[in-house]
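Read through the structure below, which is laid out as structure tokens, and then see the notes.
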Amino acid sequence: MRSAIVQPLPHGRGSDQSHDREGVVSARRAASNGQRPRRSLRCVMAALLAAASAFAASDVRLAEAIKRRDHKAVTSLLAQHADVNAAQPDGATALAWAVYLDDRESADLLLAAGATVKTADEYGETPLTLAAANGNAVLVEKLLKAGADVNAARWDGETALMIAANSGSAEVVKQLIARGADVNTAESRQGQTALMWAAAEGHADVVRILIDHKADIHAASKSGFTALVFAAVKNDAKSLRQLLAVGADANFALPDGTKVLLVAASHKSVLAAGALVDGGADPNVADRGGNT
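For the sequence shown, this note's numbering begins at 5 and goes up steadily by one.
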């Protein structure tokens, strides 16, 4: 969403941010009750930490192999009983990487080996949210059957359904709703719902599905924008007509009094303006300067 209408951007692996971010591991200091630890104990602890560090490094070989798209190495590591649920410092697992890369072959192998589908990284990104971002209906179905949380959300409340609505995957949206996804959940930053995300991106088919499943067409974001306003900005006449047909107000006004028709006009959304007038919007509405 542009200008005053801010589209929530994915903050995990589907974003422009680094896909290989490393976490920072901090060590806790041990209390010694005012006494210096004996050298032998310090040496033992150092050895244990070194061993643990080496183990952790070897533990993420599966994720590294998947990132290289090295299926031979993945198969070999699984045969060696490598830990399928080992996570990188940022919390990303091998399964998360396989899903992010749309690597169905590796994802199947990992799931068969017992990979956990509910693990979230430091952004709250799960395999399901990653599959939703890619619009991969096959992987979404596999993850749901394996027990993925249908209402899984990123750190800021962006659900898998919102993400799928944003990507425009009608099939994934249907899958998630069929499994019980809440169509009216709003994310925490902007207060936007899946219907708003779909309308903002011009995905009229997804808008239709959400309407049919009782999405609240009157819900407004924290800035006062409804799905109708987002569709007007996008110049999506089809979504507008669908929303108007089920009761959206063609003369809806933002909190500052600006009518949705003026929003469409300010964004040069000619088709949207026509749909609004056809739906009953007052063509003589004036802006705050008295201009019509």
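All C-beta atoms, glycine included, are put in the ideal place defined by N, C-alpha and C.
Helix, strand or coil at residue i [DSSP, three-state]
i    : result
T189 : coil
T133 : helix
A119 : coil
A157 : strand
V48  : Residue confidence for V48 is low, a pLDDT of 41 falling below 50, so the modelled location carries little weight; the figure read from the coordinates is stated next. Note: V48 maps to helix in three-state DSSP.
T79  : helix
Residue i and residue j closer than 7 Å at C-beta
i    : j    : result
T163 : T189 : yes
I213 : A254 : no
D167 : A137 : It should be pointed out that residue 167 corresponds to Ile in this sequence rather than to Asp. A contact, by the Cβ cut-off of 7 Å.
L247 : A236 : no
G228 : L258 : yes
Q179 : V144 : yes
A157 : V187 : no
L99  : A119 : yes
G195 : K238 : no
Integer-rounded CB distance, given that residue j should sit under 8 Å from residue i
i    : j    : result
G223 : T197 : Note that residue 223 is Ala in the sequence shown, not Gly. So it is a contact: roughly 5 Å between Cβ atoms.
V64  : I70  : Going by Cβ atoms, the distance from V64 to I70 rounds to 10 Å, so no, they are not a contact pair.
A67  : G95  : 11 Å between Cβ atoms; not a contact.
Paired residues, beta bridge with residue i - DSSP
i    : result
K263 : A257
A1   : Residue 1 is absent from the model: the chain starts at 5 and stops at 296.
T197 : A190
Residue burial classification, residue i (beta-carbon count within 10 angstroms, cutoff 16)
i    : result
D286 : exposed
G151 : exposed
N170 : buried
A111 : buried
S243 : buried
S4   : A question about residue 4 goes unanswered here, because the residues of the chain that appear run from 5 up to 296.
G184 : exposed
H85  : exposed
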